Amino acid sequence: MAENSRIAGFRNMTVAQRRSAVTEATGFDGEVFSQLDSSAFEPTDAANLSENVLGVFSLPLGVATNFTVNGTDVLVPMATEEASVIAAASNAARIARPKGGFVTSSTEPIMQAQIQLINVGDPHAARSRILERKSEIIDLANAQDPTLVELGGGVADLEVRLVDARTTTYVLVHLLVDVRDAMGANAVNTMAEAVSGTVATIADGDALLRILTNKADRRIARARAVFDRELLGGAEVVDNIIHAYELAAADPYRAATHNKGIMNGISAVVLATGNDTRAVEAGAHSHAVIDGRYTSLSVFEKTAEGDLVGTLDMPMPVGLVGGATKVHPAARAALEIAEVSTATDLAEIIVAAGLAQNLAALRVLATEGVQRGHMSLHAKNLAAAAGATPEETESIVATLIEEKAFRFDRVKSLLAEIRSGGSR
Ligand code: MEV
1 MAENSRIAGF RNMTVAQRRS AVTEATGFDG EVFSQLDSSA FEPTDAANLS
51 ENVLGVFSLP LGVATNFTVN GTDVLVPMAT EEASVIAAAS NAARIARPKG
101 GFVTSSTEPI MQAQIQLINV GDPHAARSRI LERKSEIIDL ANAQDPTLVE
151 LGGGVADLEV RLVDARTTTY VLVHLLVDVR DAMGANAVNT MAEAVSGTVA
201 TIADGDALLR ILTNKADRRI ARARAVFDRE LLGGAEVVDN IIHAYELAAA
251 DPYRAATHNK GIMNGISAVV LATGNDTRAV EAGAHSHAVI DGRYTSLSVF
301 EKTAEGDLVG TLDMPMPVGL VGGATKVHPA ARAALEIAEV STATDLAEII
351 VAAGLAQNLA ALRVLATEGV QRGHMSLHAK NLAAAAGATP EETESIVATL
401 IEEKAFRFDR VKSLLAEIRS GGSR
């Protein structure tokens with residue numbers, strides 16, 4: 001594990017310096033970083049993952065610092081094109097540190113497949129007939145994946161739901177499968193297809209859809225953290241963050257943005273580790289609806305000591321095997337950096353990152369607002385686009401912020417001024 005995820009001055013280092021600092025913090029040999037070079041993922045390799053491939057699409061990959069999860073320091077790999085996200089997660093993790101960092105837990109890694117049965121004349125009786133032969137169906141499903149069963153996974157249960165649709169009642173057979181360290185889509189889909197004929201015969205109907213559900217509500221990861229009142233900025237900031245949360249809990253318009261802030265952290269780690277961002281996002285959306293109303297995925301409260309405590313529980317269908325996790329060199333490197341040994345460990349780190357990201361956004365919103373930080377990054381981008389060196393950029397950004405003018409023509413005139421030996 002990372003001996004210390006708190007690396008002083010990390011943000012201001014060069015890429016090479018950061019690689020050395022991470023090597024020092026984790027004891028990695030430098031090899032892992034070569035997998036993050038753009039040359040490590042050739043278009044010919046990429047063509048094994050997708051179709052009609054012309055090339056590869058790169059994104060920044062960084063690590064969030066300061067994270068402690070269940071008492072262990074961890075560097076959290078994140079791939080994102082959005083500025084401020086990784087810095088914000090690191091900052092929130094710093095604020096959580098004095099009170100012990102993030103505490104996480106999870107359910108077993110249970111994914112579900114649905115088999116839709118149509119043309120069933122007696123749905124209630126069919127349900128009973130299927131449940132009566134549950135163990136036979138489970139055995140047939142398990143026979144599809146002896147390796148998973150050997151690893152301690154396999155079908156954990158079978159349920160039957162009746163869903164009243166517009167014209168008929170569908171019988172839905174759910175296979176609840178412990179997928180261990182896989183994301184699990186392939187395993188559960190194979191099982192659903194394999195048993196669908198048998199269940200259709202038992203129900204005296206026809207099987208139509210046989211596919212996993214992305215409402216992965218039996219595969220939940222949870223994170224909790226106490227954020228220090230003083231590091232947050234005082235008692236008023238704590239109260240205002242709780243107001244921000246309460247609005248998200250009450251108003252779907254705010255909840256969507258609040259949850260987007262959570263997903264900034266979640267999707268970045270999911271993507272960095274080669275996992276399926278859309279599966280995790282679909283699970284999050286479905287989980288954010290409670291009693292038919294879309295709401296906040298997280299909860300914020302005040303502790304007896306006046307600190308802020310945040311909790312986030314959500315489906316986290318991620319794996320360490322299969323798909324891009326094993327094939328994409330950067331994903332392999334990210335998993336090495338995170339030093340996770342099970343999919344559940346990874347799921348918990350991801351949810352911790354989501355909670356950190358959420359807190360960081362709420363803190364900025366409840367204090368200075370987001371624009372200050374965004375505009376200074378915008379100014380940096382403008383200066384870079386004008387071809388400014390890092391020293392020139394620093395001076396240009398300072399002037400733009402002072403003048404509150406973020407125009408490209410102004411950047412060009414400032415750059416010209418500097419280069420002609422002007423006072424800036
Ligand atoms: C921007 O990417 C995310 C935020 O809008 C999240 C939020 O409003 O809580 C800042």
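In terms of my numbering, the sequence shown opens at residue 1 and continues consecutively.
Backbone N, C-alpha and C define an ideal beta-carbon position, used for all residues, glycine too.
Since the model is a prediction, treat every value here as computed from it, not as a measurement.
Remark: C-beta atoms of Phe-102 and Ala-223 approach each other more closely than 9 Å.
Here the distance from the Cβ of Gly-354 to the nearest heavy atom of the ligand MEV is not below 8 Å. Annotated three-state conformation of Glu-403 is helix, per DSSP. Judged by their CB atoms, Ala-249 and Val-299 are nearer to each other than the 9 Å cut-off. Of the other Cβ atoms in all chains shown, 16 or more fall within 10 Å of the Cβ of Pro-77; this residue is therefore buried. Under the three-pair Cβ rule at 8 Å, the stretch 13-30 counts as touching the stretch 335-344. The stretch 312-323 and the stretch 273-289 touch, with three or more beta-carbon pairs separated by less than 8 Å. By a beta-carbon distance limit of 8 Å, Ile-118 contacts Gly-205. Their separation comes to about 6 Å. For Leu-271, the enclosing alpha helix (DSSP H) covers residues 252-272. The residues Val-120, Val-171 and Ala-203, in chain order, have a CB closer than 6 Å to that of Ala-126 in the same chain once the five nearest residues on each side in sequence are set aside.
Around the beta-carbon of Phe-67, 16 or more other beta-carbon atoms lie within 10 Å, marking it buried. The closest CA to that of Asn-70, considering only Gly-62, Ser-58, Lys-99 and Asp-307, is found on Lys-99.
Ranking Asn-186, Ser-105 and Pro-123 by CA distance to the CA of Gln-144 puts Asn-186 first. For Gly-283, the shortest separation between its Cβ and any heavy atom of the ligand MEV does not lie below 8 Å. DSSP, reduced to helix, strand and coil, places Gly-283 within a helical segment of the structure shown.
Residue state for Pro-329 is assigned as helix, using DSSP reduced to three classes. Rounded to the nearest whole angstrom, the C-alpha separation of Asp-157 and Arg-18 is 47 Å. Going by DSSP, Pro-123 is part of the alpha helix (DSSP H) stretching over 123-132. Assigned with DSSP and collapsed to three states, Ala-8 falls in coil, not helix or strand. Segment contact: the stretch 358-370 against the stretch 236-255, three or more CB-CB distances shorter than 8 Å; contact assigned. The Cβ atoms of Gln-371 and Asn-264 lie no closer than 9 Å to each other. Of the other Cβ atoms in all chains shown, fewer than 16 fall within 10 Å of the Cβ of Leu-162; this residue is therefore exposed. Within 8 Å of the C-beta of Asn-91 there is not a single heavy atom belonging to the ligand MEV.
Remark: the shortest separation between the CB of Thr-367 and any heavy atom of the ligand MEV does not fall under 8 Å. Just measuring C-alpha positions, the residue of Leu-176, Ser-38 and Asp-291 sitting nearest Pro-109 is Leu-176. For the 9 Å CB-CB criterion, Ile-211 and Ala-192 form a contact.
Where Leu-54 is concerned, there is no enclosing alpha helix (DSSP H), because DSSP gives it neither an H nor an E. For Ser-20 against Asp-73, the beta-carbon gap comes to about 18 Å, at or over 8 Å, which does not count as contact.
Cβ neighbours of Glu-348 within its own chain (closer than 7 Å, five residues either side excluded): Val-69, Thr-104, Ser-106, Ala-221 and Ala-223.
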